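Student:
There are 2 protein chains.
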Amino acid sequence: MKTGLKKSTTLSDVAKTAGVTSMTVSRVVNQNGYVSDETREKVLRVVKELNYRRNGLARGLKLQRTDTIGLILGDIANPFAAELARSIRDITTQRGYNLFICISEHSAKEDVAAFDALTDHQVDGIIVATRSNRIGDKHLHEMIERGVSVVCIGRDFYNENADSVTADALHGGFQATQHLIDLGHKKIAFIGATLESGKNLKRFQGYLKALKASNLPVEERFITGNSETSDEAPGYSTEKLGYEAMKRLLVLPQRPTAVFTRNDFTAIGAINAIKESGLRIPNDISIVGFDDIPTAIHTSPALTTVRQPTRREGFLAAEFLLRRIETKDPIEREEKILECELIVRQSTGAPA
Amino acid sequence: MKTGLKKSTTLSDVAKTAGVTSMTVSRVVNQNGYVSDETREKVLRVVKELNYRRNGLARGLKLQRTDTIGLILGDIANPFAAELARSIRDITTQRGYNLFICISEHSAKEDVAAFDALTDHQVDGIIVATRSNRIGDKHLHEMIERGVSVVCIGRDFYNENADSVTADALHGGFQATQHLIDLGHKKIAFIGATLESGKNLKRFQGYLKALKASNLPVEERFITGNSETSDEAPGYSTEKLGYEAMKRLLVLPQRPTAVFTRNDFTAIGAINAIKESGLRIPNDISIVGFDDIPTAIHTSPALTTVRQPTRREGFLAAEFLLRRIETKDPIEREEKILECELIVRQSTGAPA
DNA sequence: TATTTTTCTGTTAACGTTCACATACTTTTT
DNA sequence: AAAAAGTATGTGAACGTTAACAGAAAAATA
Numbered sequence: 012m013k014t015g016l017k018k019s020t021t022l023s024d025v026a027k028t029a030g031v032t033s034m035t036v037s038r039v040v041n042q043n044g045y046v047s048d049e050t051r052e053k054v055l056r057v058v059k060e061l062n063y064r065r066n067g068l069a070r071g072l073k074l075q076r077t078d079t080i081g082l083i084l085g086d087i088a089n090p091f092a093a094e095l096a097r098s099i100r101d102i103t104t105q106r107g108y109n110l111f112i113c114i115s116e117h118s119a120k121e122d123v124a125a126f127d128a129l130t131d132h133q134v135d136g137i138i139v140a141t142r143s144n145r146i147g148d149k150h151l152h153e154m155i156e157r158g159v160s161v162v163c164i165g166r167d168f169y170n171e172n173a174d175s176v177t178a179d180a181l182h183g184g185f186q187a188t189q190h191l192i193d194l195g196h197k198k199i200a201f202i203g204a205t206l207e208s209g210k211n212l213k214r215f216q217g218y219l220k221a222l223k224a225s226n227l228p229v230e231e232r233f234i235t236g237n238s239e240t241s242d243e244a245p246g247y248s249t250e251k252l253g254y255e256a257m258k259r260l261l262v263l264p265q266r267p268t269a270v271f272t273r274n275d276f277t278a279i280g281a282i283n284a285i286k287e288s289g290l291r292i293p294n295d296i297s298i299v300g301f302d303d304i305p306t307a308i309h310t311s312p313a314l315t316t317v318r319q320p321t322r323r324e325g326f327l328a329a330e331f332l333l334r335r336i337e338t339k340d341p342i343e344r345e346e347k348i349l350e351c352e353l354i355v356r357q358s359t360g361a362p363a
Numbered sequence: 012m013k014t015g016l017k018k019s020t021t022l023s024d025v026a027k028t029a030g031v032t033s034m035t036v037s038r039v040v041n042q043n044g045y046v047s048d049e050t051r052e053k054v055l056r057v058v059k060e061l062n063y064r065r066n067g068l069a070r071g072l073k074l075q076r077t078d079t080i081g082l083i084l085g086d087i088a089n090p091f092a093a094e095l096a097r098s099i100r101d102i103t104t105q106r107g108y109n110l111f112i113c114i115s116e117h118s119a120k121e122d123v124a125a126f127d128a129l130t131d132h133q134v135d136g137i138i139v140a141t142r143s144n145r146i147g148d149k150h151l152h153e154m155i156e157r158g159v160s161v162v163c164i165g166r167d168f169y170n171e172n173a174d175s176v177t178a179d180a181l182h183g184g185f186q187a188t189q190h191l192i193d194l195g196h197k198k199i200a201f202i203g204a205t206l207e208s209g210k211n212l213k214r215f216q217g218y219l220k221a222l223k224a225s226n227l228p229v230e231e232r233f234i235t236g237n238s239e240t241s242d243e244a245p246g247y248s249t250e251k252l253g254y255e256a257m258k259r260l261l262v263l264p265q266r267p268t269a270v271f272t273r274n275d276f277t278a279i280g281a282i283n284a285i286k287e288s289g290l291r292i293p294n295d296i297s298i299v300g301f302d303d304i305p306t307a308i309h310t311s312p313a314l315t316t317v318r319q320p321t322r323r324e325g326f327l328a329a330e331f332l333l334r335r336i337e338t339k340d341p342i343e344r345e346e347k348i349l350e351c352e353l354i355v356r357q358s359t360g361a362p363a
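As you go down the protein sequences, you meet chains G and B in turn. One gets the working numbering by counting positions in the first sequence from 1 and adding 11 to each. One gets the working numbering by counting positions in the second sequence from 1 and adding 11 to each.
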């Protein structure tokens with residue numbers, strides 16, 4: 012609000028001009044309490060004339076409620092995030108809440124900054140869809156302690172007073188790997204984690220589980236391309252990571268016949284590396300991604316991948332949060348794990 | 012903020028516990044005014060102990076400033092929007108402002124709702140990056156009238172008291188078309204507008220201008236695929252639109268040898284239609300998109316397109332807005348038009 | 001007609017913060 | 001040693017709104 016040029020109209024400005032008190036104007040604009048038709052009409056005329064808009068700060072301060080909820084996204088450029096934001100907004104709008112979105116890329120510091128920006132503005136609740144990290148989690152626990160309503164999406168985080176919605180990436184990773192095994196592959200690589208760093212990466216654990224279930228060896232040289240999970244730079248895996256990791260896999264003496272990547276961007280990078288080397292997909296190498304981003308049907312060949320039920324995640328998270336906000340008494344923690352779906356396209360086939 | 016379970020700590024709670032007044036605590040947490048080291052230490056200890064956080068509503072109400080700026084995006088799933096949000100955030104963060112993003116898809120009604128949500132929360136300024144529409148524009152003019160600082164990005168909108176940043180889509184469209192003309196094409200179609208609806212679509216006007224400059228006829232049957240610009244459903248052009256429009260073009264008696272589409276999504280749809288018909292790109296038909304979305308390098312063949320200087324648009328818009336916010340006196344309107352860049356890839360070539 | 005209920009409007013205080021001012025004590029300057 | 005400047009804290013009011021209460025007039029009921 013620019014205050015330099017023009018002071019904005021307040022309730023009492025309207026009241027003065029209309030010859031009533033602020034309280035009457037308040038009653039008119041909020042449509043509650045008794046107001047005579049005559050007075051209401053007069054007030055509304057002045058409201059229009061003076062171009063009055065209520066001051067949400069004052070209102071929120073008094074009501075101890077802002078009808079606003081916050082969403083923290085880790086990576087706005089990710090189609091997954093866009094879809095999530097949309098689905099959440101659909102619910103919140105419908106239920107009479109505004110949705111403010113904050114971006115927290117790159118670092119835990121920004122996570123904390125986003126939490127603080129939203130709580131400072133006294134949003135009624137927050138949906139957190141960033142990657143888990145030590146500092147951010149600690150701060151999140153503190154905020155919940157302080158009484159802020161929180162729901163996490165796809166995040167490794169447990170607090171008795173916060174709900175959680177996740178996709179079953181463990182099973183998703185299992186399905187993707189099993190699909191390759193079913194096609195006859197025995198040398199299946201993973202791009203986007205290491206045995207060490209992938210401890211909390213569910214889709215990677217699903218990969219390991221599938222190998223073990225079929226008595227296939229877990230070969231460390233086939234597991235490559237670490238996406239750092241340090242507090243300083245969580246960041247999503249990128250195409251570049253996939254490209255470089257694939258380059259490394261291609262020069263191995265006994266190279267893999269199939270690759271499962273941590274996400275579709277990584278898969279796209281890997282595809283480019285494979286094409287560049289003159290090999291064909293899926294004839295020489297099969298590849299499976301994760302996320303089913305819109306681009307996945309336009310890669311060549313179209314990418315086999317695992318789809319997360321993004322919209323349902325968003326809907327549920329929003330419902331959980333609103334329930335938490337609108338319930339006075341302490342409530343039980345809700346946790347929902349949704350199934351992923353394997354989408355088979357042209358990037359996978361039987362090994363040569 | 013959940014108030015049911017726990018009332019949040021206020022300045023005077025801290026003050027009481029520390030044995031001082033609110034004013035002293037305020038001085039400590041804001042680091043201004045005189046406070047003895049001893050008192051400061053004691054206060055900080057209590058602040059930590061009681062887990063105090065300032066109430067931004069009360070603060071904003073008193074200061075008449077929230078150090079927050081709002082961004083309204085028309086389509087969050089658009090890579091252009093993501094890039095824009097990032098660049099704007101880079102500036103605002105650096106200058107000490109929070110950035111709250113609102114989405115306004117589908118309708119002018121949502122535009123208005125987003126404006127109102129942000130102004131009600133007394134953001135210091137708003138950057139608008141939605142598509143222009145009658146109702147939304149009217150509301151925007153009113154808000155500017157009321158004193159809200161506003162900057163528009165890539166939007167057809169003029170107000171003496173609002174700045175504007177746009178990409179020179181007219182010249183971008185001209186370049187794209189000229190590129191096709193230079194390759195020897197004479198039958199060049201446009202997908203995503205009609206002569207009537209494209210009046211305000213700069214890239215389309217650039218197309219027309221290029222044709223005229225080379226004395227090529229503007230053939231109405233080559234101009235197809237209207238993306239409705241009604242108040243009810245502005246919405247971005249989609250792949251489907253491109254697909255269907257291309258289908259129509261392909262059955263024309265004398266089909267075009269080149270197509271310029273209003274954006275890359277549309278181009279992707281058109282590419283799919285062409286492939287489906289068995290024709291080859293660029294041998295049989297050349298195609299040029301607009302926006303250079305990340306996917307553009309992964310279409311097959313890679314898409315020739317026009318890149319907008321998105322980051323610079325974001326930076327400039329943010330700078331303009333902060334200048335407007337931080338300047339007390341009335342200031343002159345700023346308008347900046349940035350150049351687009353033609354990115355030539357494999358989807359364009361000489362006609363057969 | 002007397003009584004109760006409903007309708008209409010106003011008064012006061014509070015939400016949590018900060019600014020302007022006041023007071024008192026300490027240090028420096030003349 | 002007196003005056004001036006600097007340091008440290010407190011008081012009161014205000015930012016714009018609304019809930020709770022109160023009082024009076026009008027309408028409905030007994």
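Just so you know, even glycine gets a beta-carbon here, dropped at the ideal spot from N, CA and C. Fair warning: this is a prediction, and the values are worked out from it, not measured in the lab.
1. Can you tell me whether DSSP reads B:Lys198 as helix, strand or coil?
2. Answer yes or no: does any C-beta atom of chain B fall closer than 8 Å to that of G:Asn109?
3. Let me confirm a value: G:Thr306 is counted as buried when at least 16 other C-beta atoms fall within 10 Å, else exposed. Which label applies?
4. To the nearest angstrom, report how far apart G:Ser196 and G:Ala180 are at their CA atoms.
5. When you compare only the Cα positions, how much space is there between G:Ser208 and B:His150?
6. Where does G:Ser311 fall in DSSP's three states?
7. Start and end of the beta strand (DSSP E) containing G:Ile342?
8. Under a CB-based cut-off of 8 Å, is G:Ser19 close to chain B?
9. Determine which residues of the stretch 110-139 of chain G have a Cβ less than 9 Å from any Cβ of chain B, and write them out in chain order.
10. What ranges does the alpha helix (DSSP H) occupy inside the stretch 49-114 of chain G, keeping only unbroken runs of at least 4 residues that lie completely in it?
11. Could you tell me whether the Cβ of B:Ile296 comes closer than 8 Å to any Cβ of chain G?
12. I'd like the list of long-range same chain contacts for B:Asp24, defined as Cβ closer than 7 Å, with 5 residues on each side in sequence excluded.
13. Does the separation of the CB atoms of B:His309 and G:His309 fall below 8 Å?
14. Whole angstroms are fine: how far does the CA of G:Ala281 sit from the CA of B:Ser358?
15. Using a cut-off of 7 Å between C-beta atoms, extract the partners of B:Thr306 located in chain G.
16. Return helix, strand or coil for B:Ile304, following the three-state DSSP convention.
17. Closest to G:Phe201 by C-alpha separation, out of G:Gln75, G:Thr272, G:Phe185, G:Arg157, would be which residue?
18. Would a check of beta-carbon distances place B:Arg51 closer than 8 Å to chain G?
19. By alpha-carbon positions, which one of B:Phe111, B:Ala119, B:Lys210 ends up nearest to B:Asp78?
20. I want to verify the contact list: residues of chain G whose CB lies under 7 Å from the CB of B:Pro90, in sequence order.
21. Could you tell me which chain B residues have their CB closer than 7 Å to the CB of G:Gly67, listed as they occur along the chain?
22. May I ask you to report which of helix, strand or coil DSSP gives G:Leu2?
23. Rounded to whole angstroms, what is the Cα-Cα separation between B:Phe326 and B:Ile102?
24. What residue from G:Asn211, G:Ser98, G:Ala224 has the CA that sits closest to G:Asp193's CA?
25. On the DSSP letters alone, give me the boundaries of the alpha helix (DSSP H) that B:Ile146 sits inside.
26. Are the beta-carbon atoms belonging to G:Leu68 and G:Ile114 less than 8 Å from one another?
27. Using a 10 Å radius around the Cβ and a threshold of 16 neighbouring Cβ atoms, would you call G:Lys59 buried or exposed?
28. State the start and end residues of the unbroken beta strand (DSSP E) segment that holds B:Thr177.
29. Since B:Glu352 sits in a beta bridge, which residues does DSSP pair it with?
30. Would B:Leu72 pass as an interface residue toward chain G - the criterion being a Cβ-Cβ separation below 8 Å?
31. I'd like to check one pair, B:Leu333 with B:Arg97: are the Cβ atoms closer than 8 Å?
32. The alpha helix (DSSP H) that contains G:Ser297, what's its start and end?
33. Quick one: Cα of G:Ile292 to Cα of B:Pro362, how far?
34. Whose CA, out of B:Ile354, B:Glu324, B:Thr338, B:Gly360, lies closest to the CA of B:Glu346?
35. Taking B:Ala128 as the reference, give the member of G:Asn109, G:Ile137, G:Ser118 with the closest Cα.
36. From which residue to which residue does the beta strand (DSSP E) around B:Thr272 run?
Tutor: Walking through what the data contain:
1. Coil, per DSSP.
2. By this cut-off, G:Asn109 is an interface position.
3. Only buried fits G:Thr306, as 16 or more other CB atoms lie within 10 angstroms of its CB.
4. Reading off the sequence shown, one finds His at residue 196 of chain G, where the question assumed Ser. Rounded to the nearest angstrom, the two C-alpha atoms are 21 Å apart.
5. Those two C-alpha atoms are separated by around 51 Å.
6. Three-state DSSP puts G:Ser311 in coil, outside helix and strand.
7. That residue, G:Ile342, is in no beta strand (DSSP E); it is neither H nor E in DSSP.
8. So yes, G:Ser19 belongs to the interface.
9. When CB distances to chain B are screened at a threshold of 9 Å, the residues of the stretch 110-139 of chain G falling below it are Leu110, Phe111, Ile112, Cys113, Ile114, Glu116, Glu121, Ala124, Ala125, Asp127, Ala128, Leu129, Thr130, Asp131, His132, Gln133, Val134, Asp135, Gly136, in chain order.
10. You should have 67-74, 90-105.
11. Residue contact check for B:Ile296 against chain G: no CB pair falls below 8 Å.
12. Result list for B:Asp24: Leu61, in chain order.
13. A contact, by the Cβ cut-off of 8 Å.
14. About 22 Å.
15. Contacts between B:Thr306 and chain G, judged by CB atoms closer than 7 Å, involve Thr306, His309 in chain order.
16. Reduced to three states, the DSSP call for B:Ile304 is coil.
17. It is G:Thr272.
18. It does not; no Cβ of chain G falls within 8 Å.
19. Taking only the C-alpha atoms, the option nearest B:Asp78 is B:Phe111.
20. What B:Pro90 touches in chain G: Ala88.
21. Per Cβ cutoff of 7 Å: Asp131, His132, Gln133.
22. Here chain G covers residues 12 to 363 and nothing more, so residue 2 of chain G does not appear.
23. Going by the C-alpha atoms only, they are around 6 Å apart.
24. Ranking the options by Cα distance to G:Asp193, first place goes to G:Ala224.
25. DSSP places B:Ile146 inside the alpha helix (DSSP H), whose first and last residues are 145-156.
26. No, the pair does not count as a contact, with Cβ atoms beyond the cut-off.
27. G:Lys59 is exposed by the Cβ-count criterion.
28. Element bounds for B:Thr177: 174-178.
29. Beta-bridge pairing links B:Glu352 to B:Arg318.
30. Chain G, which has a Cβ nearer than 8 Å to the Cβ of B:Leu72, makes this yes.
31. The answer is no: Cβ separation not under 8 Å.
32. It is not in any alpha helix (DSSP H) - G:Ser297 instead sits in the beta strand (DSSP E) that spans 297-299.
33. G:Ile292 and B:Pro362: Cα-Cα distance of roughly 31 Å.
34. Of B:Ile354, B:Glu324, B:Thr338, B:Gly360, the residue nearest in Cα terms is B:Glu324.
35. The residue with the shortest Cα to Cα distance from B:Ala128 is G:Asn109.
36. Residues 269-272.
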